[in-house]
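Trainee: Each step along the sequence shown adds one to the number in the numbering used here, with nothing skipped, and position 9 is -4. Here a beta-carbon is modelled for each residue, glycine too, at the ideal position from N, C-alpha and C. Sharing a structure here in structure tokens format.
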Amino acid sequence: MTLKVAQVAVPVPVPRLFDYRSADNQPLPPVGSRVLVPFGSRRLVGLVTGHAEAAQADGLKPIERVLDSALIDESLLALFAWCRRYYACAPGEAVNLLLPGALRRVKPFREPNPDYIDLTTKGRAADLARAPRQAEVVSLLQHGALKRADLKEAGIGADILRRMLSDGLVEAIDCPPALASEPGPNLNEEQRAAAAAILRSRNRFAALLLAGVTGSGKTEVYLHVARRLLFRGRQVLILVPEIGLTPQLVRRIEKRLGCPATVYHSGLSEGERLAAWKAARDGRARVIVGTRSAVFLPLARPGLIVVDEEHDGSFKQQDGARYHGRDVAVLRAARLAVPIVLGSATPSLESLNNVDAGRYQLLTLTQRAGGASMPRWQVLDTRGEGGALDQRLEATIERHLNEGGQVLLYRNRRGYAPVLICNACGWQADCHRCDAHMTWHQTPPRLQCHHCGAQQRTPPRCPECGSPSLEPLGAGTERLEDLLKKRFPDVPVHRVDRDAMTGRADFENLLDLVRDGAPCILVGTQMLAKGHHLPGVTLAAVLDVDQALFSADFRAPERLGQAVHQVAGRSGRAERPGQFLIQTRHPEHPLLAALLGDDYLGYAQCLLAERRAAGLPPAHALALVRAEAHQAQEPRDFLVAAARCLRMKGIDVAGPIPAIMARRGGYWRFQLWLQSADRAHLVQHIDHSLEKLYALPNARRVRWHIDMDPAEL
Ligand code: ADP
Ligand code: ZN
Ligand code: ZN
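Set out below in structure tokens:
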């Protein structure tokens, strides 16, 4: 007799599912159920992903308890199965994507009380003449729900609230009810055409790439479409790269849509995440704004998915299940039969390739909205210039400040100086655990490795020759801030990087300050290149492109083009015309010529042609097998054996080769490159080879994983 068993994904890093039988006399829980199962000496929460016939019933353990029957629907389970296979990750890693942390705990999670307090009809009508404190609560809530914390601040004690809750005068709710909405601007011709194209697909799957120059009003297009779908009772999911940087976007969405946005990201507490997850699942959350993990939220009535700044690297998860949030979102939309809009001023080559292949529809916005024009570009040749701040740049900054403008300078290097060097013998402060220099920081003074985090005190003299003449070489954001403050003592200089902006509120407060419009200088890293709308900025500059021009990473030119266009896009977004400068010592470099000579889409087409000619992504599929260990020989041996397993017609296997940073955090890092013109073939082959790879003799002696569509090399 055969036995029906449940295949359960449990959160352990083993690349397979485990079979369990049902408890005595119980039916097998349906697919998608959350179950408690014994695992070795532990008990774990798992997810039933399928049913099967067991060849042998002996030794099969029973499911201990069904926690939630059919919690996850078929469409999400199918997505899960696809991710597991495509990204070659352990089912346990994939379970983490589907279940919020609170639902993965063995001990039942005590749910927090809903955060908002609202008046009930009974409360509105109640005669509280003899209960002045309760009457005060009613008057506070007159204009809508408030957070518990706000009531507390207003002097309302917990006892009063408890009393009113139990009397039914007020109720606790998860999110505040509808807000007043503000009509947006009238869409211009291009925006209207884009919105109409999206709305034509509102009842089916379509992937649309909205490529609109910076400030062209892409956000207004999504919001216009989202509004229409909300009116029809559908949910809208908006994925953004980093929510910490976008509270402003959330507020804008709420205002425009007249509906509270449910946010979902890793910065929330477990309870908040669970509440958002549930609200998405039962449809109470109508607009959801989240980072990549939100792509796995269950949705009751999906209507539209938007991926904002779709080119952003943070959509790719770099550990565990190494999925790409944008790509999974497209698949999700297809399974839900809803349209998906990918928006960017600088679309990824992946998405442009999908346009060329006819899989995505391209919508373009070529003009800035609201009458602003694109900034004027100019190259500043810094050959033969000594200092960290070019004099011509200083003069240009001065002119813009005098004319009442704000200045934004982009330098993708934190710290004071990227290198500390001995003038006597040439010694440089290097990290002992990485192939990298330590960065010198001034406040607090220290040497720090930006790759493994190692820190050490600045040596008073050279450890090689004893000379006291140690000199910081080059300039990071900290040094630039210093120089700018000295040069422009009367103007506020704000540094924007992870060292200066520690709390989430820091950056937001700064942006608010900057939007007030008084002249100032912003100097910072990547954080500044993201889509912020800073109407007062009239000069933007990229202070160094040279490193990217000579990078060994084949994606470097793409990222350079994106950063440059994004930084340029911060300039001249309002009435005053903008200017944009690029500093380089290699003005003749062909890449720079291409970047300057064309719009972003033209530049991207050149890069795409090169990738196609070289058989690189996105034209061909690429997967890496990465391995690392404290001894260099072990990962090499493992990868040599892995390469033998993986050789196959139609797939190029190259390596082991060292990672671009061959040693990091004390680990020697090597990789195999698997390339194929046939993506499905590559995925299938890896899937079939996985067990063999895990069984290799040295698979347990190294840390290794497979990375499909890798973002880093
Ligand atoms: P993007 O998302 O492309 O960067 P936004 O949607 O943020 O652009 O729009 C940039 C600015 O232009 C915003 O201040 C926005 O309110 C304004 N804007 C957008 N569309 C219009 C329009 N049709 N008319 C007037 N102003 C607009
Ligand atoms: Zn020395
Ligand atoms: Zn290091």
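As a quick check of your reading: which residues have a C-beta less than 5 Å from at least one non-hydrogen atom of ligand 3, in chain order?
Mentor: 418, 420, 421, 436, 438, 439 and 441
Trainee: Answer yes if the stretch 167 to 184 comes into contact with the stretch 306 to 316, meaning at least three C-beta pairs across the two stretches below 8 Å, and no otherwise.
Mentor: no
Trainee: Select from 121, 375 and 1 the residue whose C-alpha is nearest the C-alpha of residue 471.
Mentor: As a position in the sequence shown, residue 471 is number 484, starting the count at 1. Taking only the C-alpha atoms, the option nearest residue 471 is 375.
Trainee: Candidates 386, 465 and 548: which alpha carbon is nearest residue 401's?
Mentor: Your numbering for residue 401 matches position 414 in the sequence shown. It is 465 whose Cα lies nearest to the Cα of residue 401.
Trainee: Do residue 23 and residue 29 count as a contact pair if the criterion is CB distance below 8 Å?
Mentor: Start at 1 with the first residue of the sequence shown, and residue 29 comes out as number 42. Start at 1 with the first residue of the sequence shown, and residue 23 comes out as number 36. In this structure, residue 23 does not lie closer than 8 Å to residue 29 by Cβ.
Trainee: Just confirm the distance between the C-beta atoms of residue 591 and residue 228, as a whole number of angstroms; I'd bet it's less than 8 Å.
Mentor: Within the sequence shown, the letter at position 604 stands for residue 591. Within the sequence shown, the letter at position 241 stands for residue 228. With 8 Å as the limit, residue 591 and residue 228 do not qualify as a contact, their Cβ atoms being about 19 Å apart.
Trainee: Which residue wins for smallest C-alpha separation from residue 281, given the options 641, 225 and 424?
Mentor: As a working mapping, residue 281 is identified with position 294 in the sequence shown. It is 225.
Trainee: Can you check DSSP and say which residues form a bridge with residue 192?
Mentor: Within the sequence shown, numbered from 1, the residue matching residue 192 stands at position 205. None; residue 192 has no bridge partner.
Trainee: I need the DSSP call for residue 615, collapsed to helix, strand or coil.
Mentor: As a working mapping, residue 615 is identified with position 628 in the sequence shown. Taken through DSSP and simplified to helix, strand or coil, residue 615 comes out as strand.
Trainee: Out of 646, 359 and 665, point me to the one whose CA is closest to residue 656's CA.
Mentor: Within the sequence shown, residue 656 is the residue found at index 669, counting from 1. It is 646.
Trainee: Just to confirm, are residue 508 and residue 478 a CB contact at a threshold of 8 Å?
Mentor: By 1-based counting over the sequence shown, the position of residue 508 is 521. By 1-based counting over the sequence shown, the position of residue 478 is 491. One thing to note: residue 508 has its Cβ within 8 Å of the Cβ of residue 478.
Trainee: Taking the alpha carbon of residue 610 as the reference point, which residue from 115, 663 and 559 has its own alpha carbon closest?
Mentor: By one-based count along the sequence shown, residue 610 stands at place 623. Checking every option, the nearest Cα to that of residue 610 belongs to 663.
Trainee: Does ligand 2 have even one heavy atom less than 7 Å from the beta-carbon of residue 229?
Mentor: Here residue 229 corresponds to residue number 242 of the sequence shown, with the count starting at 1. Result no, Cβ not under 7 Å from ligand 2.
Trainee: Alpha carbons only, please: which of 457, 142, 155 and 361 is nearest the one belonging to residue 200?
Mentor: Position 213 of the sequence shown, counting from 1, holds the residue named residue 200. Selected option, being the one with the closest Cα: 361.
Trainee: Once you ignore the five residues that flank residue 141 on each side, which residues in its own chain have a CB closer than 7 Å to its CB?
Mentor: Taking the sequence shown and counting its residues from 1, the one referred to as residue 141 is at position 154. Once the five neighbours on either side are set aside, the close Cβ partners of residue 141 are 127.
Trainee: Taking C-alpha atoms, which residue in 456, 274, 503 and 428 lies nearest to residue 469?
Mentor: Counted from its first residue, the sequence shown places residue 469 at position 482. If we check each option's Cα against that of residue 469, 428 comes out closest.
Trainee: Following a CB-centred definition, is residue 178 positioned closer than 7 Å to any heavy atom of ligand 1?
Mentor: The residue you call residue 178 lines up with position 191 of the sequence shown. Because some heavy atom of ligand 1 lies under 7 Å away, the Cβ of residue 178 counts as near it: yes.
Trainee: Does residue 256 come out as helix, strand or coil in the three-state DSSP assignment?
Mentor: Locating residue 256 in the sequence shown gives position 269, where the first residue counts as 1. Residue 256: coil per DSSP, three-state reduction.
Trainee: How many Å lie between residue 328 and residue 560 at the Cα?
Mentor: As a position in the sequence shown, residue 328 is number 341, starting the count at 1. As a position in the sequence shown, residue 560 is number 573, starting the count at 1. Computed Cα separation, rounded: 24 Å.
Trainee: Would you call the stretch 664 to 673 and the stretch 587 to 601 in contact, with 3 or more CB pairs under 8 Å?
Mentor: no
Trainee: Within this structure, are the beta carbons of residue 606 and residue 567 separated by less than 8 Å?
Mentor: Indexing the sequence shown from 1 puts residue 606 at position 619. Indexing the sequence shown from 1 puts residue 567 at position 580. Residue 567 sits away from residue 606, with the two beta carbons spaced by 8 Å or more.
Trainee: Grab the span of the beta strand (DSSP E) containing residue 352 for me, first residue to last.
Mentor: As a first step, residue 352 must be located in the sequence shown, where it is residue number 365. 348 to 352 is the span of the beta strand (DSSP E), which, as asked, contains residue 352.
Trainee: Nearest to residue 191 by CA position, among 146, 289, 145 and 266, is which residue?
Mentor: If you number the sequence shown from 1, residue 191 lands on position 204. If we check each option's Cα against that of residue 191, 289 comes out closest.
Trainee: Unbroken alpha helix (DSSP H) runs of length 4 or more, entirely within the stretch 61 to 133: which are they?
Mentor: You should have 61 to 73, 78 to 85, 108 to 112 and 119 to 127.
Trainee: Residue 310 by DSSP, collapsed to three states: which one?
Mentor: Within the sequence shown, the letter at position 323 stands for residue 310. It is coil, neither helix nor strand.
Trainee: Since residue 236 and residue 214 are thought to touch, with beta carbons under 8 Å apart, how far apart are those beta carbons, to the nearest angstrom?
Mentor: For the purposes of this step, residue 236 is taken as the residue at position 249 of the sequence shown. For the purposes of this step, residue 214 is taken as the residue at position 227 of the sequence shown. Contact flag wrong, Cβ pair sits at about 16 Å.
Trainee: Among residues of its own chain, excluding the 5 on either side of residue 106, which ones have a beta-carbon nearer than 7 Å to its beta-carbon?
Mentor: In the sequence shown, residue 106 corresponds to position 119, counting from 1. 125, 128 and 157, listed in sequence order.
Trainee: Ends of the beta strand (DSSP E) at residue 648?
Mentor: One-based indexing of the sequence shown puts residue 648 at position 661. It spans 639 to 651 - the beta strand (DSSP E) in which residue 648 sits, taken as one unbroken run.
Trainee: By how many angstroms is the C-alpha of residue 3 removed from the C-alpha of residue 78?
Mentor: In the sequence shown, counting from the first residue as 1, residue 78 sits at position 91. In the sequence shown, counting from the first residue as 1, residue 3 sits at position 16. Cα to Cα, residue 78 sits roughly 6 Å from residue 3.
Trainee: Count the other CB atoms within 10 Å of the CB of residue 341; is the residue buried (16 or more) or exposed (fewer)?
Mentor: Here residue 341 corresponds to residue number 354 of the sequence shown, with the count starting at 1. Label assigned to residue 341: buried.
Trainee: Following the continuous alpha helix (DSSP H) through residue 495, name the residue where it begins and the one where it ends.
Mentor: The count along the sequence shown starts at 1 and reaches residue 495 at position 508. Per DSSP, residue 495 belongs to the alpha helix (DSSP H) from 491 to 502.
Trainee: On the three-state DSSP scale, how would you describe residue 403?
Mentor: Numbered from 1 along the sequence shown, position 416 holds the residue referred to as residue 403. Note: residue 403 maps to coil in three-state DSSP.
Trainee: What number of angstroms, rounded off, separates the C-alpha of residue 60 from the C-alpha of residue 20?
Mentor: Residue 60 sits at position 73 when you count from the first residue of the sequence shown. Residue 20 sits at position 33 when you count from the first residue of the sequence shown. One C-alpha to the other measures close to 9 Å.
Trainee: Nearer than 7 Å: is that true of the beta carbon of residue 201 relative to any heavy atom of ligand 1?
Mentor: By one-based count along the sequence shown, residue 201 stands at place 214. Residue 201: yes, Cβ under 7 Å from ligand 1.
Trainee: Per DSSP, which one or two residues make a beta bridge with residue 199?
Mentor: Residue 199 sits at position 212 when you count from the first residue of the sequence shown. 352.
Trainee: Check whether the Cβ atoms of residue 326 and residue 217 sit closer than 8 Å, and answer yes or no.
Mentor: Locating residue 326 in the sequence shown gives position 339, where the first residue counts as 1. Locating residue 217 in the sequence shown gives position 230, where the first residue counts as 1. It is not a contact, given that the beta carbons lie outside the stated cut-off.
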